[in-house]
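When we follow this note's numbering, the leftmost residue of the sequence shown carries the number 1301, and every step to the right adds one. Even glycine gets a Cβ: it sits at the ideal position worked out from N, Cα and C. Source: prediction; values computed, not measured. These notes are about the structure you will find just below.
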Amino acid sequence: MSPEAIYALGALMALLLSGVPIALALLLSGALGLWLLEFPILIVIQRFVAGSESYVLLAIPFFILAGAVMEAGGISKRLIGFCDACFGFLPGGLANANIGASMIFGGISGSAVADTSAVGSVMIPAMEREGYSREYSAAITAATSPVGMIIPPSIPMIVWSFISGQSLNELFMAGIIPGILITVAMSLVSTWICQKRGYQRGFRAFNTSYFVSSLMDGLLAIGAPVLIVGGILSGVFTPTEASVVVLAYSLVVSFVVYREMKPAQLGRIVVKAGITSATIMFIICGATVFSFFLTVAGVPAQIGNLILGISDSPLGFIIAVSVLMFVLGMFLDTTTTILMAGPIIIPLFNQVGVDPLVATMIILVVLAIGLITPPVGLCLFVVSSICPVRVWDVARECVPFILAMLFVTMLIWIFPSIVTWVTP
C-alpha cells in the first residue's frame, strides 16, 4: 500500500475516533490523499458534486419523507393494528405481529432505523403489558427492523445501485423472496422462544370481527407497499418514480382520508426528513471523494488481490467478503460501509464467478446483521432510546434472530434462483 493511502486511511481512523462526523471525515481524508498525490483541489470539488448527480438517489428523500408522513398520519398505526389482528391469536402473537409490522413498514420507508422507531414506539410497550420481558420486546423490534433493507424499497439498495451500476429495479425485485424468508424464519424462531418462555401462553382465539374491522380500517395503509411493489413489478413506474407516487399517496390518505395529520405538522416533518436525507447525501458525496482517492491510489486492486489470495473459489470469496462487511458493519453505518467497501469488492464478482445479484443479497443480509451487533448497532441504540434497557442485554436476545438471518444467507447461496429469478 502506498504511503499516501496509509496517511489517508490513518487520517480517516483518527477523525472517526475523535468524533468527527463520518461524512466530513471521509471528505477530509479523501482530500488529503488527493493532495498528497498532487491532484488539484478542483478534483475534490468535482467528485463531491458528482456524488449527488445520480438519478436513482432522488428516491432517497422521497421514501424517507413518505415514511415520516405515514408515521404522523396514522398509516403505520393501522398497519400495526392489522398485523395484530392477523397474528395476535397465535402463540406469542404480539411478537409475530411485531415481525409482520416490521416487514410491511420496511416495505414503505426503506430504512431500518425508521422502522425500528415507528414500530418500536407502539409495539414495545404493548408487548410489555402482555408479559414479555423488556429485553425481548426490544430485541425482536431491533432484529426484525433491518428486514427493511431487504424488502423493497431499500435505501441501501439505492446506494448499492448507485455505485455498482446494477439495475435498481432488479435489486428491488430480488429482495422480495429473501425478505419474506427472513420474516418467516424469524417468526418461527420467535414462536419457539415464546412457547419455551411462556409468553402469551393463554392466547386469544381468532376474532373474525376484529380482523375484518382492522382490515377495513387499514386497507388504504396496506395499499402503500402493494402500490410500490406492484407498480415496479408491473413496469408502470421506476423505483425512483415509485418514491414520488407513494409520497403523494401517503399525503392524500393522511390528510384527506384519515385526517390525523394537520397542515401545521407538515413543515416539521419535511424539515426532519430533509435533515435525514441531507445527512445521507453528505455521506454519499464525502464517500465519493474518498472512493475516488482509493481508486487512483490502487487500493481496491491491492485489497482485491488480498481477498483472492485467501480464496479464489466462489464460496471462499463470498465468506471472506461477508466477514469483511460484517466487521465494517459493526463499526460503521450501512451507507458508509457500502460506499467504502463496494468499489473494492464489486469488480471481483465476475472475476470469481459469483452472480452479482446473489452476492449483493448476501452482503445486504450481512450488513443488516451489523445493525443489531455491538458496538455500533444502530437499531440497538434506537430501541434503547425508546425504553430503558441495556444495549448488551438486547444484543444477547438478538442472537437467535441473527442465526435465522444467517440461515437465509445459506439458502440464497444454495438456491440462487431465490434472487436470480428477476434476470431475463
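(request) Answer yes or no: do T1576 and I1375 have a C-beta to C-beta separation smaller than 8 Å? (result) Along the sequence shown, one-based indexing puts residue 1576 at 276. Along the sequence shown, one-based indexing puts residue 1375 at 75. Not in contact: T1576 and I1375 (Cβ atoms no closer than 8 Å).
(message) Taking a contact to mean a Cβ-Cβ separation below 8 Å, would you say T1720 touches V1658 in this structure?
(response) Within the sequence shown, the letter at position 420 stands for residue 1720. Within the sequence shown, the letter at position 358 stands for residue 1658. The criterion of a C-beta distance shorter than 8 Å is satisfied by T1720 and V1658.
(message) Rounded to the nearest angstrom, what separates M1313 and I1306 at their Cα positions?
(response) To locate residue 1313, count along the sequence shown from 1; it is residue 13. To locate residue 1306, count along the sequence shown from 1; it is residue 6. Their backbone Cα atoms lie some 11 Å apart in a straight line.
(message) I'd like the span of the alpha helix (DSSP H) that includes K1572, first residue to last.
(response) Counting from one through the sequence shown, the residue named residue 1572 turns up at place 272. That run of the alpha helix (DSSP H) goes P1563 to V1596.
(request) Express the C-alpha separation of G1586 and A1635 in angstroms, rounding to a whole number. (result) Numbered from 1 along the sequence shown, position 335 holds the residue referred to as residue 1635. Numbered from 1 along the sequence shown, position 286 holds the residue referred to as residue 1586. A small fix is needed here, since residue 1635 is Thr in this sequence, not Ala. Taking the Cα positions, T1635 is about 11 Å away from G1586.
(request) Answer with buried or exposed for G1502, where buried requires no fewer than 16 other C-beta atoms within 10 angstroms of its C-beta. (result) In the sequence shown, the residue the question calls residue 1502 occupies position 202. Legend: pLDDT at G1502 = 46, less than 50; position of this residue unreliable, value from coordinates given subsequently. Exposed, by the Cβ-count rule.
(request) Starting from C1679, trace the alpha helix (DSSP H) both ways and give me its first and last residue. (result) Counted from its first residue, the sequence shown places residue 1679 at position 379. That run of the alpha helix (DSSP H) goes L1678 to I1686.
(request) Label K1496 either buried or exposed according to how many other C-beta atoms from any shown protein chain fall within 10 Å of its C-beta, with 16 as the threshold for buried. (result) One-based indexing of the sequence shown puts residue 1496 at position 196. In this structure K1496 is exposed. Its beta-carbon is surrounded by fewer than 16 other beta-carbon atoms within 10 angstroms.
(message) Quick check: what's the CA-CA separation for T1508 versus G1400?
(response) Position 208 of the sequence shown, counted from the start, is the residue given in the question as residue 1508. Position 100 of the sequence shown, counted from the start, is the residue given in the question as residue 1400. Approximately 19 Å, taken between the alpha carbons.
(request) Identify, in the order they occur along the chain, each residue of the same chain with its Cβ nearer than 7 Å to the Cβ of A1368, setting aside the five sequence neighbours on each side. (result) Working through the sequence shown from its first residue, we reach residue 1368 at position 68. Taking A1368 as the centre and dropping the five residues before and after it, the same chain places the C-beta of I1569, K1572 and A1573 closer than 7 Å to its C-beta, in chain order.
(request) Indicate, with yes or no, if the ligand HEM has a heavy atom lying under 7 Å from the CB of V1419. (result) The ligand HEM is absent from the structure shown, which contains no ligand whatsoever.
(message) Taking the beta carbon of P1688 as the centre, do at least 16 other beta carbons fall within 10 Å, making it buried, or is it exposed?
(response) Counting from one through the sequence shown, the residue named residue 1688 turns up at place 388. By the neighbour-count criterion, in which a residue is buried when 16 or more other Cβ atoms sit within 10 angstroms of its Cβ, P1688 is exposed.
(request) Closer than 6 Å by C-beta to G1330: which residues in its own chain qualify, once you throw out the five before and the five after it? Chain order, please. (result) Within the sequence shown, the letter at position 30 stands for residue 1330. The answer, listed in chain order, is V1589, F1590 and F1593.
(request) Over the uninterrupted alpha helix (DSSP H) stretch that includes I1614, give me the two end residues. (result) Residue 1614 sits at position 314 when you count from the first residue of the sequence shown. The sequence given here has Pro at residue 1614, not Ile. Its alpha helix (DSSP H) spans residues P1614 to F1631.
(message) Within a Cβ cutoff of 8 Å, which residues of the same chain sit near P1643, ignoring the five residues on either side of it in sequence?
(response) One-based indexing of the sequence shown puts residue 1643 at position 343. Hits under 8 Å: I1463, S1591, L1594, T1595 and P1600.
(request) Use the C-beta contact count for L1317: other C-beta atoms within 10 angstroms, 16 or more gives buried, fewer gives exposed. (result) Stepping through the sequence shown from its first residue, residue 1317 is reached at position 17. Label assigned to L1317: exposed.
(request) Would you mind working out which of T1660, P1340, G1598 and L1667 sits nearest V1627, comparing C-alpha positions? (result) Position 327 of the sequence shown holds residue 1627. Of all alpha-carbon atoms in T1660, P1340, G1598 and L1667, the one lying nearest the alpha-carbon of V1627 is that of L1667.
(message) In the DSSP assignment, the alpha helix (DSSP H) including G1381 goes from what residue to what residue?
(response) Here residue 1381 refers to the residue found at position 81 when the sequence shown is read from its first residue. Per DSSP, G1381 belongs to the alpha helix (DSSP H) from I1375 to F1387.
(request) Report back the beta-carbon spacing between G1420 and S1454 to the nearest angstrom; my notes put them in contact at under 8 Å. (result) Residue numbering aside, residue 1420 sits at position 120 when the sequence shown is read from its first letter. Residue numbering aside, residue 1454 sits at position 154 when the sequence shown is read from its first letter. Your pair G1420 and S1454 does not check out as a contact, with CB atoms roughly 19 Å apart and the cut at 8 Å.
(message) Helix, strand or coil, according to DSSP, for G1502 in the structure here?
(response) Start at 1 with the first residue of the sequence shown, and residue 1502 comes out as number 202. Reliability of the predicted coordinates at G1502 is poor, the pLDDT of 46 falling under 50, and the value obtained from them is presented with this limitation in mind. Coil.
(message) If you measure between the beta carbons of F1537 and V1545, is that distance less than 8 Å?
(response) Residue numbering aside, residue 1537 sits at position 237 when the sequence shown is read from its first letter. Residue numbering aside, residue 1545 sits at position 245 when the sequence shown is read from its first letter. It is a contact, given that the beta carbons lie within the stated cut-off.
(request) Would you kindly check if the distance between the Cβ of A1542 and the Cβ of G1531 is under 8 Å? (result) Counted from its first residue, the sequence shown places residue 1531 at position 231. Counted from its first residue, the sequence shown places residue 1542 at position 242. Closer than 8 Å, so yes.
(message) Tell me which residues share the same chain as L1488 and place their Cβ nearer than 8 Å to its Cβ, disregarding the 5 neighbours each side in the sequence.
(response) Reading the sequence shown from its first residue, position 188 is the one you call residue 1488. Excluding sequence neighbours, L1488 sits near A1704.
(request) For the region 1439-1488, list the alpha helix (DSSP H) runs that are entirely contained and at least 4 residues long, ordered along the chain. (result) The qualifying runs are 1455-1464 and 1468-1474.
(request) Could you please give the first and the last residue of the uninterrupted alpha helix (DSSP H) stretch that includes V1545? (result) What you label residue 1545 is simply residue 245 of the sequence shown in a count that begins at 1. Note, V1545: alpha helix (DSSP H), P1539 to V1552.
(request) Using beta-carbon positions only, say whether L1527 and Y1558 come within less than 8 Å of one another. (result) Residue mapping note: residue 1527 aligns to position 227 of the sequence shown, counting from 1. Residue mapping note: residue 1558 aligns to position 258 of the sequence shown, counting from 1. Taking 8 Å as the cut-off, the beta carbon of L1527 is found no closer than this to the beta carbon of Y1558.
(message) Buried or exposed, going by whether 16 or more other CB atoms sit within 10 Å of the CB of M1710?
(response) To locate residue 1710, count along the sequence shown from 1; it is residue 410. So M1710 counts as exposed.
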